[in-house]
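Which chain is which? The protein sequence lines are A and B, in order. Here our numbering runs 1079 ahead of the position in the first sequence, where the first position is 1. Here our numbering runs 1079 ahead of the position in the second sequence, where the first position is 1. Heads up, the beta-carbon is just placed ideally off N, CA and C, and yes, glycines get one too. For reference, the structure is listed below as structure tokens.
Number of protein chains: 2
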Amino acid sequence: MENCTIARAMEILGERWTLVVLREVFNGVRRFDDMRVRTGIPRQVLTNRLAMLVEQGVLRREPYREPGSRLRHEYRLTGKGLDLWPVLVAVLGWGDRYLADPEGSPLAVTHRDCGAEVRAALRCAEGHEVTDPRDVLPRPGPGARRRV
Amino acid sequence: MENCTIARAMEILGERWTLVVLREVFNGVRRFDDMRVRTGIPRQVLTNRLAMLVEQGVLRREPYREPGSRLRHEYRLTGKGLDLWPVLVAVLGWGDRYLADPEGSPLAVTHRDCGAEVRAALRCAEGHEVTDPRDVLPRPGPGARRRV
DNA sequence: AGGCTAGGTCTGATTGACAGACTCAGCAAC
DNA sequence: GTTGCTGAGTCTGTCAATCAGACCTAGCCT
Chain A
1080 MENCTIARAM
1090 EILGERWTLV
1100 VLREVFNGVR
1110 RFDDMRVRTG
1120 IPRQVLTNRL
1130 AMLVEQGVLR
1140 REPYREPGSR
1150 LRHEYRLTGK
1160 GLDLWPVLVA
1170 VLGWGDRYLA
1180 DPEGSPLAVT
1190 HRDCGAEVRA
1200 ALRCAEGHEV
1210 TDPRDVLPRP
1220 GPGARRRV
Chain B
1080 MENCTIARAM
1090 EILGERWTLV
1100 VLREVFNGVR
1110 RFDDMRVRTG
1120 IPRQVLTNRL
1130 AMLVEQGVLR
1140 REPYREPGSR
1150 LRHEYRLTGK
1160 GLDLWPVLVA
1170 VLGWGDRYLA
1180 DPEGSPLAVT
1190 HRDCGAEVRA
1200 ALRCAEGHEV
1210 TDPRDVLPRP
1220 GPGARRRV
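See the structure below:
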């Protein structure tokens, strides 16, 4: 199972703080210190995570300069990073359902056009909505290798 | 941001092997040694992950006995665990898109009824499909605490 | 010149991952 | 009835990662 894409994805996403960092970036927080203060991630870890995410092409480091301030860098999502929205929304949905405080989730995601709440849903290529997880069948894909 | 549900979820899901274990369970692999051989996870780590997942209520440990064999235990998904399908499918989709070998993904998920491929999609409560990640607006939710 | 600020580095203690060897219960074959 | 096998672990030692806290640095402001 060395070519398992879930394992590979988790090597990037599974580093305990990675998704928290990404949530901040999706939220519009792009600066090192803002992230640090808002999340409480240790500096060193944040430095490492950001560097890793840049190296993986999920974020890119962009110079910017505010008037009266020196040149700095901010972190922005690449296309690869933007495509993580469904992952983030799915995790958020699950967390909200099972791990939220009684008063509810601290974060909501809404549709720009209509303002309604956005959730992650499963649907098949034929357009059917999949509601029961038991209706999903895992099967070997094209890149599957036969185990002995 | 101590009540952030993403951080809480990642405390469970973010342990580098957790989703790989869950993928196996979703795949129908329920036994310790099968998982170990298929994934290459070190015994100790697998023991810890399984215990943690049971403690968190994602898996439950069920006794079973095969004829001519002694009593053993297998690991099965709880409702809380089954609800992780969207997360897993979202991660799988992302991994397939950006991290797969040229020959493709080793795992496909299909709809039981029609056999078509299942993917994670974003949609809002009004029923709109959300295709562009930029159409999603993050906002403070009911449980948000004002930062000073 | 001195202080402030964003974005880091350096250091040392604690925790986690990992490999490899060992354990242990029950069945089975000799 | 002892030997061996198998599934599901535990024990041990090494090496890497996390974390907290102090330190550093470039450029701006006073």
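- Message: Within 8 Å of any Cβ in chain B, is that where the Cβ of A/Val1087 sits?
- Response: Per the sequence shown, the amino acid found at residue 1087 of chain A is Arg instead of Val. Closer than 8 Å to some Cβ of chain B, the Cβ of A/Arg1087 qualifies, so yes.
| Rounded straight-line distance, which links the Cα of B/Arg1151 to that of A/Arg1122 | 46 Å
Next item on the list: Output the boundary residues of the alpha helix (DSSP H) element that contains A/Pro1165.
Entry: 1164-1178
* Beta carbon proximity, B/Tyr1154 to chain A, threshold 8 Å -> no
> Between which two residues does the alpha helix (DSSP H) carrying A/Glu1134 extend?
Replying inline: Boundaries of the alpha helix (DSSP H) around A/Glu1134: 1122-1134.
> In or out: A/Pro1181 buried (at least 16 other Cβ within 10 Å) or exposed?
Replying inline: Its Cβ having fewer than 16 others within 10 Å, A/Pro1181 is exposed.
Practice item. For A/Phe1105, return the contacting residues in chain B, with the cut-off set at a CB-CB distance below 9 Å. Key: Pro1212, Val1215, Pro1217
Out of curiosity, what's the CA-to-CA distance linking B/Pro1217 and A/Glu1205? If I take the Cα positions, the gap works out to 30 Å.
- Message: According to DSSP, is B/Gly1092 part of a helix, a strand, or is it coil?
- Response: Before going on, a small fix: residue 1092 of chain B reads as Leu here, not Gly. B/Leu1092: helix per DSSP, three-state reduction.
- Item | Top-ranked residue by Cα proximity to B/Ile1120, from B/Thr1097, B/Met1131, B/Trp1164 | B/Thr1097
Please determine whether the Cβ atom of B/Arg1198 lies at a distance below 7 Å from any heavy atom of the ligand NAP. Only the bare structure without any ligand can be found here, which leaves the ligand NAP out of the picture.
* To do: Output, in chain order, the set of chain B residues within a Cβ distance shorter than 9 Å of A/Asn1082.
  => Ala1179, Asp1180, Glu1182, Ser1184, Pro1185
Cβ neighbours of B/Arg1128 in the same chain (closer than 8 Å, five flanking residues each side left out) | These residues qualify, in order along the chain: Glu1094, Trp1096, Thr1097, Val1100, Ile1120.
task = Taking only the alpha-carbon atoms, compute the straight-line gap between B/Arg1226 and A/Gly1158 and give it to the nearest angstrom.
result = For B/Arg1226, the predicted model reports a pLDDT of 42, less than 50, meaning its position is unreliable and no value from the coordinates is stated.
| request: Write down the C-beta distance between A/Ala1088 and B/Gly1174 rounded to the nearest angstrom, noting that I regard them as a contact closer than 8 Å. | output: 4 Å
Which chain B residues sit within Cβ distance under 9 Å of A/Asp1112? Chain B residues near A/Asp1112: none, gap ~14 Å exceeds 9 Å.
(Q) Going by beta-carbon coordinates alone, are A/Cys1203 and A/Val1209 separated by less than 8 Å? (A) yes
Let's see if you can read the secondary structure: which residues bound the alpha helix (DSSP H) around A/Leu1150? Neither: A/Leu1150 is in no alpha helix (DSSP H) and is coded neither H nor E.
Hey, how far is the Cα of B/Val1108 from the Cα of B/Arg1117? 9 Å
Chain A partners of B/His1094, CB-CB under 8 Å? Rather than His, the amino acid found at residue 1094 of chain B in this sequence is Glu. The answer, in chain order, is Gly1093, Arg1095.
Task: Rounded separation between B/Gly1172 and B/Pro1146 - CA only - done: 40 Å
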